[in-house]
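**Q** The following block contains the structure, expressed as C-alpha cells.
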Amino acid sequence: MDIGVIGLGSMGKRRIRLIKENFPEVNVVGIDNSIERCDEVKSLFNIPVFSDSNEFFNQNNFSAVFISTPPLTHSKLINQALNSNLNVFTEINLVSDGYEGNIELSNSKGLILFLSSTQLYRKEIAYIDSKIKESDKTTNYIYHIGNYLPDWHPWESYKNFFVGNKKTNGCREILAIELPWIVNVFGDISKIHVSKNKITDLEIDYPDSFFVTLTHKNGSNGVLIVDLASRNAVRNLEIINEDVYISWDGTPQGFGEFDFDINEMKKLDLYDEISTKKDYNQTIIENAYLEEIKNFFNVLNSSENALHSFEKDKYILDIIDIIESIDDTEVYEV
C-alpha cells in the first residue's frame, strides 16, 4: 500500500515514524510546502517527499493520505484527496467546515473518511467505559486538564501555532480531544453551564480557563475544567458512583480504582509496554497513536470499524460551539 502524509510538523513526523516502524509493507511519502521540513523528513526517514501537494494529488498509485496540517486547512485538503480517489485519515479538525459535503463525497465514492480521536484508543478509557457500562448506574466525574500554552510546542511561539487562533484555540482543542470519549462513556449531553475567564497575560483573544458543568441524558453529571494557565501539565480525573471509584492522572502509572474487597485504592497496570517520546509530557504516550493507525488500516481492509466519525464529531463540535458562546448566567438545554 502506498500512502502520503501531508504536513510534516511534529504530528506528521510522528505518523511517518510509527508507520515506518510498525508497517514495513506500507510505502510512505511526505508532503509539505516547506522545503526545510521536506529536507528534514527525507533525511530522518529516507522517504520521497513532495513540496507541492498538487503534485502529490496528481499521482495515481496512492490509496490513502494522512492530513496532519493545521485544522483550518483540512476541509479543502480532504475534498481534494477525495476527488483524487484517496481514502483519508485526518487529525482533529476543530471546525466543521465542509463536513456535510465531504461526508457526502466520501459516501458517493465509497472512500473511507477516518477522523483521529486518540483518547478513544487509550486502554484507560476502554477500561473506564467497560466499568461504567457494567455498573449501569448514574455517575459523576470531575476532570481537570491544564497545560501552560507556551509549553505545548516549546520549539515555536504559540502565536505561530494554530492554538493561538481564536477559531482553533487551545481550550477548543482540549475540548475536542476529551469530549468524544466523555460522550462515548457517559452519553449525550442535555444541559451545559459554563464559567470562563482569562487569568494569564498570554497574547490571545479568547478565555484561557473554562469551568464546564455537563448533565448527560442518563442523569450523570460532570465538571470539566480546562485551562491554558497551569505551569504543571495536569490531567486529573475522578469518576464516582455507588459501584465505582476510579482516579487517573493521565499517565499509565497513575491509573487506579477503589477495591471494595480490601477497602483501599489499587493501581491498575494495563500496558505490557509503554512507548513515550522525551519531547512530550508524560501523559502523552505513543501506544494510542499506533493503535489509531492500526484501526485506520484495518478499516481500509474492512476488518474493523472506526471508533470515531465525522458524524459524531459534528455533534462534539456543536457542543463546543455552545460552550464557547454561552455566558455565565445561562444554563443551555441541548
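If you're matching positions, the sequence shown starts at 917 in our numbering and goes up one per residue. For glycine and all other residues, C-beta sits at the position ideal for the given N, C-alpha and C.
Determine, using beta carbons only, whether serine 1111 and phenylalanine 1127 come nearer to each other than 8 Å.
**A** It is a contact, given that the beta carbons lie within the stated cut-off.
**Q** Rank Asn999, Val945 and Tyr1037 by C-alpha distance to the C-alpha of glycine 1026 and give the top, closest one.
**A** Residue Asn999 is the option with its Cα nearest to glycine 1026.
**Q** With distances taken from CA atoms, which of Lys1133, His1224, Leu1010 and Ile1098 is nearest aspartate 1045?
**A** The candidate whose alpha carbon is nearest that of aspartate 1045 is Ile1098.
**Q** For the beta strand (DSSP E) containing methionine 1181, name the first residue and the last one.
**A** That run of the beta strand (DSSP E) goes 1180-1183.
**Q** Below 8 Å on the Cβ atoms is my guess for asparagine 1203 versus threonine 1055; work out the distance and round it to an integer in Å.
**A** Incorrect: roughly 26 Å between the Cβ atoms, too far for contact.
**Q** Based on the DSSP output, what are the partners of valine 1160 in its beta bridges?
**A** Bridge partners of valine 1160: none, in fact.
**Q** Am I right that isoleucine 983 and isoleucine 922 are in contact with their C-beta atoms under 8 Å? What's the rounded C-beta distance?
**A** At roughly 5 Å, the Cβ-Cβ gap stays under 8 Å, so isoleucine 983 and isoleucine 922 are in contact.
**Q** In three-state terms, what does DSSP make of asparagine 1063?
**A** Reduced to three states, the DSSP call for asparagine 1063 is coil.
**Q** Beta-carbon separation of threonine 1116 and leucine 1144 under 8 Å?
**A** Closer than 8 Å, so yes.
**Q** Could you spell out the range, first to last residue, of the beta strand (DSSP E) harbouring phenylalanine 972?
**A** No beta strand (DSSP E) contains phenylalanine 972, which is instead part of the alpha helix (DSSP H) from 969-973.
**Q** Given isoleucine 1201, which residues of its chain have a CB within under 7 Å of its CB, disregarding the five upstream and five downstream residues?
**A** Counting only Cβ-Cβ distances below 7 Å, and skipping sequence neighbours, we find Pro1168, Ile1190, Ser1191 and Thr1192.
**Q** Pick from Glu1249, Glu1227 and Gly946: whose alpha carbon is nearest that of asparagine 1023?
**A** Minimum Cα distance to asparagine 1023 is reached at Glu1227.
**Q** Which residue marks the beginning of the alpha helix (DSSP H) containing valine 1101, and which one marks its end?
**A** Looking at the DSSP string, the run of the alpha helix (DSSP H) that includes valine 1101 is 1086-1102.
**Q** Give a yes or no on contact between the stretch 1073-1089 and the stretch 1005-1023, applying the rule of three or more CB pairs nearer than 8 Å.
**A** Judged by Cβ distances under 8 Å, the stretch 1073-1089 makes contact with the stretch 1005-1023, as three or more pairs qualify.
**Q** Between which two residues does the alpha helix (DSSP H) carrying lysine 1047 extend?
**A** Start and end: 1039-1051.
**Q** Just list the residues that DSSP pairs glutamate 1018 with in beta bridges.
**A** For the sequence presented, residue 1018 should be read as asparagine rather than glutamate. DSSP output for asparagine 1018 lists no bridge partner at all.
**Q** Using the C-alpha atoms, what's the distance from isoleucine 1028 back to leucine 1216?
**A** Taking the straight line joining both Cα atoms gives about 7 Å.
**Q** Where isoleucine 1239 and asparagine 1113 are concerned, what is the direct C-alpha to C-alpha distance, given to the nearest angstrom?
**A** If you take the alpha carbons of isoleucine 1239 and asparagine 1113, they lie about 13 Å apart.
**Q** I need the straight-line Cα distance from leucine 1065 to glycine 1166, nearest angstrom please.
**A** Answer to the nearest angstrom: the Cα atoms are 18 Å apart.
**Q** Compute the beta-carbon to beta-carbon distance between valine 1142 and isoleucine 1061, rounded to the nearest angstrom, for a pair I have assumed lies under 8 Å.
**A** Confirmed, about 6 Å.
**Q** Measuring only the C-alpha atoms, how far is threonine 1129 from histidine 1109?
**A** The straight-line gap from Cα to Cα measures roughly 5 Å.
**Q** Could you tell me the alpha carbon to alpha carbon distance between isoleucine 929 and isoleucine 1178, rounded to whole angstroms?
**A** According to the sequence as given, residue 929 is lysine; it is not isoleucine. Lysine 929 and isoleucine 1178: Cα-Cα distance of roughly 46 Å.
**Q** Per DSSP, histidine 1109 is paired with what?
**A** Thr1129 and Val1247.
**Q** Could you check which residue in Leu934, Ile919, Glu952 and Gly925 has the C-alpha nearest to that of glutamate 1208?
**A** Glutamate 1208 has its Cα closest to that of Leu934, out of Leu934, Ile919, Glu952 and Gly925.
**Q** Could you check which residue in Gly920, Asn1085 and Ser950 has the C-alpha nearest to that of valine 944?
**A** Measuring from the Cα of valine 944, the nearest candidate turns out to be Gly920.
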